[in-house]
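These notes concern the structure reproduced below.
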Ligand code: EPU
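Numbering (my numbering), first residue to last: 1 to 417.
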């Protein structure tokens, strides 16, 4: 199994280009199930979750051609299976994103129920509640959600928790339902708006994406289109922290800094110098890193997907910082590994108290999920000596060639196969 070896202590310098957003790519690929025409996607990140989604679509009979340059042609003209099997769902929970398009267009779907994962229980009750309000019957049988309908109709759907893939699934299903659907307390994440843009390109009638209330007027049929996936704001944020934590100077290109306002504001409060352009930003780290509390919330607030990386930064802070995780109940697995590198972190339920000022030292550490792995790479970049990060397949799920991008900025990092 691949490992990543890092020797810390080098300030990063230079410019890095950001890849397409994994969490926008996955729903976009699932949306190709809504039409028999070809959906042409560009700027897909060639990461493992995207490959898994391609395999899932192939398994259903979709013609799915994906190239390493980030383009894909997806044509769901002859879908023969309406199922997402356990073997695929257990490796990627986002497989649940085929549920909405399948029930919307084919009126039936069988999708393995995703279990809990390394960051929490992660139920899908709101996806199912919404589909039932639109006229689907959803049963859980032998570990699978079996959904069927005589035809979906519009509905008013109030989600009591903000859910990103739940909003995306219901928005996709509603594009082919009869009448109007209103999704209330919807997720405002840029990835939801990117999906709405794609669906509009396919002929769907959607308004209000990017706000808490999304209105969808069902169409009889959708058609093919071309769509470019937005840049990955979490990858961009990860490089921003890499610059700050190593006291480097990095320009992060091909991104949308406005989608990172909460992260970049937080970073500047820790003392880093942040300059925002229209499609790039620059972060210059300062010797003294100020410890600042943070709480994760849905967009536009500070994202849970940046919490682990921010924790790595706070291990180098000048005081104590309280990090509060409100989205997932078990998303502090990286803390135990950082403690093995010398960090002083105390976890109490959904809060972590990070006392900074402790020099980190290289160690052998285990990645437990995607963002945890990224945070360990960041910690390793400032640790004294050599760090070995195991189970890097988590990293490969969502970061395209991260070690090459970091090495190009001067980091001493390599993948050992
Ligand atoms: N929730 C429910 N019921 C539901 C759905 C969600 O109670 O039916 C709860 C969850 O348990 C959680 C909260 O709602 O406490 C938010 O979960 P959400 O549904 O928004 O998460 P998700 O859609 O499964 C996406 C991203 C995650 C990201 C979260 C939060 C994709 C493919 N995944 O997950 O990305 O952390 O939103 O922003 O878009 C990652 O990229 O590393 C990652 C985990």
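Virtual Cβ for every residue (Gly too), placed ideally from N, Cα, C.
Please read these numbers as outputs of a predicted model, since none were measured by experiment.
In the region 61-126, which residue ranges form an unbroken beta strand (DSSP E) of at least 3 residues, counting only runs that do not cross its ends?
63-66, 72-75 and 108-112
Taking 7 Å as the line, does the beta carbon of residue 398 fall inside it for any heavy atom of ligand 1?
As a first step, residue 398 must be located in the chain shown, where it is residue number 398. True, at least one ligand heavy atom lies under 7 Å from that Cβ.
On the three-state DSSP scale, how would you describe residue 390?
Here residue 390 refers to the residue found at position 390 when the chain shown is read from its first residue. Here residue 390 sits in strand by DSSP.
Beta carbon of residue 386: closer than 7 Å to some heavy atom of ligand 1?
As a first step, residue 386 must be located in the chain shown, where it is residue number 386. Checking the Cβ of residue 386 against ligand 1 gives no.
With a threshold of 7 Å (Cβ to nearest heavy atom), would residue 22 be considered close to ligand 1?
For the purposes of this step, residue 22 is identified with residue 22 of the chain shown, where counting begins at 1. Residue 22: yes, Cβ under 7 Å from ligand 1.
Given residue 56, which residues of its chain have a CB within under 7 Å of its CB, disregarding the five upstream and five downstream residues?
What you label residue 56 is simply residue 56 of the chain shown in a count that begins at 1. Once the five neighbours on either side are set aside, the close Cβ partners of residue 56 are 84, 88, 95 and 98.
With the cut-off set at 8 Å, would you say residue 327 and residue 351 are in Cβ contact?
Counted from its first residue, the chain shown places residue 327 at position 327. Counted from its first residue, the chain shown places residue 351 at position 351. Their beta carbons are not under 8 Å apart, which means residue 327 does not touch residue 351 by this criterion.
Given this structure, state the Cα-to-Cα distance separating residue 171 from residue 5, to the nearest angstrom.
Here the question's residue 171 lines up with position 171 in the chain shown. Here the question's residue 5 lines up with position 5 in the chain shown. Distance between the alpha carbons of residue 171 and residue 5 is about 42 Å.
In terms of alpha-carbon separation, which member of 378, 371, 185 and 368 lies closest to residue 360?
On the chain shown, position 360 is the one that residue 360 refers to. Of 378, 371, 185 and 368, the residue nearest in Cα terms is 378.
Residue 22, enclosing alpha helix (DSSP H) - first and last residue
On the chain shown, residue 22 is found 22 positions in, with the first residue counted as 1. Start and end: 22-31.
Give a yes or no on whether the C-beta atoms belonging to residue 310 and residue 241 are separated by under 8 Å.
For the purposes of this step, residue 310 is taken as residue 310 along the chain shown, with counting starting at 1. For the purposes of this step, residue 241 is taken as residue 241 along the chain shown, with counting starting at 1. Against a cut-off of 8 Å, the Cβ pair of residue 241 and residue 310 comes out as a contact.
Taking its Cβ as the centre, do 16 or more other Cβ atoms sit within 10 Å of residue 65, making it buried, or is it exposed?
Here the question's residue 65 lines up with position 65 in the chain shown. Classification for residue 65: exposed.
Backbone secondary structure at residue 358 - three-state DSSP:
Taking the first residue of the chain shown as 1, we reach residue 358 at position 358. Of the three classes helix, strand and coil, the one that applies to residue 358 here is coil, per DSSP.
Tell me the DSSP secondary structure of residue 364 in three-state form.
As a position in the chain shown, residue 364 is number 364, starting the count at 1. Correct three-state label for residue 364: strand.
In this structure, how does DSSP classify residue 234 when only helix, strand and coil are distinguished?
For the purposes of this step, residue 234 is taken as residue 234 along the chain shown, with counting starting at 1. Looking at residue 234 - three-state DSSP - the assignment turns out to be helix.
Apart from the five residues just before and just after residue 130, which ones in its own chain have a Cβ nearer than 8 Å to its Cβ?
The count along the chain shown starts at 1 and reaches residue 130 at position 130. Around residue 130: 155, 157, 159, 166, 169, 170, 173 and 183.
In this structure, how does DSSP classify residue 327 when only helix, strand and coil are distinguished?
Residue mapping note: residue 327 aligns to position 327 of the chain shown, counting from 1. In this structure, residue 327 counts as coil in the three-state DSSP scheme.
Comparing the CB of residue 506 with every heavy atom of ligand 1, is any distance shorter than 7 Å?
This structure leaves residue 506 out entirely; the chain is present only between 1 and 417.
Exposed or buried, which one is residue 232 when buried takes at least 16 other CB atoms within 10 Å?
Counting from 1 along the chain shown, the entry for residue 232 is found at position 232. Under this definition residue 232 is a buried residue.
What are the partner residues of residue 141, as DSSP defines its beta bridges?
Along the chain shown, read from residue 1 onward, the residue named residue 141 stands at position 141. Residue pairing from DSSP places residue 141 in a beta bridge opposite 144.
Quick check on residue 161: buried or exposed, where buried means 16 or more other Cβ atoms within 10 Å of its Cβ?
Along the chain shown, read from residue 1 onward, the residue named residue 161 stands at position 161. Per the 10 Å Cβ criterion, exposed.
Taking only heavy atoms of ligand 1 into account, decide whether any of them is closer than 7 Å to the Cβ of residue 235.
In the chain shown, the residue the question calls residue 235 occupies position 235. Within the chosen limit of 7 Å, ligand 1 does not reach the beta carbon of residue 235 with any heavy atom.
Quick check: does the Cβ of residue 124 come within less than 7 Å of any heavy atom belonging to ligand 1?
As a working mapping, residue 124 is identified with position 124 in the chain shown. Yes, the Cβ of residue 124 comes within 7 Å of a heavy atom of ligand 1.
If you measure between the beta carbons of residue 303 and residue 295, is that distance less than 8 Å?
For the purposes of this step, residue 303 is identified with residue 303 of the chain shown, where counting begins at 1. For the purposes of this step, residue 295 is identified with residue 295 of the chain shown, where counting begins at 1. Judged by beta-carbon spacing, residue 295 lies beyond the 8 Å limit of residue 303, meaning their Cβ atoms are not closer than that value.
Can you give me the Cβ contacts of residue 291 inside the same chain, cut-off strictly under 7 Å, excluding the 5 residues immediately before and after it?
For the purposes of this step, residue 291 is taken as the residue at position 291 of the chain shown. For residue 291, where only same-chain residues beyond five positions count, the Cβ hits under 7 Å are 314, 317, 318, 319, 320, 321 and 356.
Between the alpha carbons of residue 415 and residue 396, how many angstroms are there, rounded?
As a first step, residue 415 must be located in the chain shown, where it is residue number 415. As a first step, residue 396 must be located in the chain shown, where it is residue number 396. Straight-line Cα distance between these residues: approximately 11 Å.
Using 7 Å as the cut-off, classify the Cβ of residue 164 as near or not near the heavy atoms of ligand 1, replying yes or no.
Working through the chain shown from its first residue, we reach residue 164 at position 164. At least one heavy atom of ligand 1 is nearer than 7 Å to the Cβ of residue 164, so yes.
Would you please state the rounded distance, in angstroms, between the beta carbons of residue 228 and residue 42? I believe it to be under 8 Å.
Residue numbering aside, residue 228 sits at position 228 when the chain shown is read from its first letter. Residue numbering aside, residue 42 sits at position 42 when the chain shown is read from its first letter. Yes, residue 228 and residue 42 are in contact; Cβ-Cβ is about 5 Å, under 8 Å.
Measuring only the C-alpha atoms, how far is residue 420 from residue 187?
The displayed coordinates of the chain run from 1 to 417. Any statement about residue 420 would go beyond what the structure contains.
What residues match up with residue 159 in a beta bridge as DSSP calls it?
The residue labelled residue 159 in the question sits at position 159 within the chain shown. Partner(s): none; residue 159 has no beta bridge.
So does the region 4-24 actually touch the region 237-254, counting three or more Cβ pairs closer than 8 Å?
Per the Cβ contact rule, the region 4-24 is in contact with the region 237-254 (3 or more Cβ pairs under 8 Å).
Cβ of residue 191 versus every heavy atom of ligand 1: is any distance shorter than 7 Å?
For the purposes of this step, residue 191 is taken as the residue at position 191 of the chain shown. Residue 191: yes, Cβ under 7 Å from ligand 1.
Taking the straight line between their C-alpha atoms, what separation do you get for residue 200 and residue 219?
By 1-based counting over the chain shown, the position of residue 200 is 200. By 1-based counting over the chain shown, the position of residue 219 is 219. Residue 200 and residue 219 have their alpha carbons spaced roughly 11 Å apart.
Does the Cβ of residue 94 lie closer than 7 Å to at least one heavy atom of ligand 1?
For the purposes of this step, residue 94 is taken as the residue at position 94 of the chain shown. It does: the Cβ of residue 94 is within 7 Å (strictly closer) of some heavy atom of ligand 1.
By the DSSP assignment, the beta strand (DSSP E) with residue 258 in it spans what residues?
As a working mapping, residue 258 is identified with position 258 in the chain shown. Looking at the DSSP string, residue 258 is not in any beta strand (DSSP E), and its letter there is neither H nor E.
Is the distance from the Cβ of residue 68 to the Cβ of residue 86 below 8 Å?
Counting from one through the chain shown, the residue named residue 68 turns up at place 68. Counting from one through the chain shown, the residue named residue 86 turns up at place 86. Contact: no.
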